[in-house]
Amino acid sequence: MGDVERNRGNWDAAETLYQQCLEVMIELGDRSGMANSWGLLGDIERLRGNSDAAETLYRQALEVMTELGDRFGMAYSYSDLGENECDRGNWDAAETLYRQALELRTELGDRFDMAFSWGSLGDIERNRGNWDAAETLYRQALELRTELGDRSGMAESYNGLGKNECDRGNLEAAEQFSKQALVIAQELGMIHLLAEINYDLARLERKRGKHRTCPTALQHSASNISAIGRGEGFGENQARVGARLIPMMPSSLISISQANRLLRSDNET
Numbered sequence: 088m089g090d091v092e093r094n095r096g097n098w099d100a101a102e103t104l105y106q107q108c109l110e111v112m113i114e115l116g117d118r119s120g121m122a123n124s125w126g127l128l129g130d131i132e133r134l135r136g137n138s139d140a141a142e143t144l145y146r147q148a149l150e151v152m153t154e155l156g157d158r159f160g161m162a163y164s165y166s167d168l169g170e171n172e173c174d175r176g177n178w179d180a181a182e183t184l185y186r187q188a189l190e191l192r193t194e195l196g197d198r199f200d201m202a203f204s205w206g207s208l209g210d211i212e213r214n215r216g217n218w219d220a221a222e223t224l225y226r227q228a229l230e231l232r233t234e235l236g237d238r239s240g241m242a243e244s245y246n247g248l249g250k251n252e253c254d255r256g257n258l259e260a261a262e263q264f265s266k267q268a269l270v271i272a273q274e275l276g277m278i279h280l281l282a283e284i285n286y287d288l289a290r291l292e293r294k295r296g297k298h299r300t301c302p303t304a305l306q307h308s309a310s311n312i313s314a315i316g317r318g319e320g321f322g323e324n325q326a327r328v329g330a331r332l333i334p335m336m337p338s339s340l341i342s343i344s345q346a347n348r349l350l351r352s353d354n355e356t
């Protein structure tokens, strides 16, 4: 239930439920469960924008996971800490943490999360403006996800490649990748990703100067975001990505005028 409330953007309700779970784990002496609860509470603080509180909770989880020798848990904690540093714009610190997660996942043969780590590292390089390095990492993730049959992951990789080409100014390539992501997201009902892709397509049309087609994509994005606010469209492997998108949406809902303001605030090239 805590995950449902988190994915709806109901941080207080989610926190209450996670705290209740933590109390039970403490009573049982279940240290692994305690670490998981701290990690979930860290997610809530990160999504609220409380990066310091989030870091404290993530590091509590990491400390226990390390003591227990739980390398899967350690990898998730390093990845969570990396996302927190990304939110702060600390690309070097984020990269170090993501690579620590990737090293553990490689040792464990956790190929699903290796692809996730490569995608995260691709985001770092894209944010640095290193388009070639970002493309290499996104394609590496895409190749593995394709091999694994991870279609939701493939959609995420195509989305990353689309953003990268848009930032480069290669608008035709950006549109192609974004539409590949869109097809899969529609097939899988990945509402959170549909919202992001439609926003990106609107931004792309704005770069082209096609202001008449921009509101259509924004309308789709707003509709998708409203559905997220109702808790729709989250599969087991999609909730984490959706949770990353939710902080962009006031009260998990967004109007067309708000979306237009977001677009106007972008640094258009």
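Heads up, the sequence shown is in my numbering, so the first residue is 88 and it goes up one at a time.
Note that the Cβ used here is the ideal one computed from N, Cα and C, for glycine as well.
Closest by C-alpha distance to residue i, when choosing among the options
i    : options                   : result
L155 : R118, N137, L109 and A162 : R118
R133 : A122, E102 and R158       : E102
I278 : T183, E243 and L168       : E243
N251 : W218, E182, E259 and D200 : W218
Q107 : R95, A260, L127 and A221  : L127
L269 : E259, S204, W178 and A282 : A282
L235 : D139, D197 and L291       : D197
L280 : Y245, G176, A221 and L231 : Y245
A202 : T153, A220 and A228       : A228
Whether residue i touches residue j by CB criterion (8 Å)
i    : j    : result
S265 : G249 : yes
D254 : R213 : yes
Y165 : L184 : yes
M241 : I271 : yes
E114 : L104 : no
A141 : W125 : no
E182 : L224 : no
R175 : S138 : yes
G206 : G247 : yes
A122 : V151 : yes
L258 : L291 : yes
Below 8 Å, how does it come out for the segment 180-189 and the segment 143-160: are there three or more Cβ pairs, yes or no? no
Please give me, in chain order, every unbroken run of the beta strand (DSSP E) with length at least 3 that falls completely inside the segment 253-295. none
Mind pulling the alpha helix (DSSP H) runs of 4 or more residues that sit fully within the segment 118-152? 118-135
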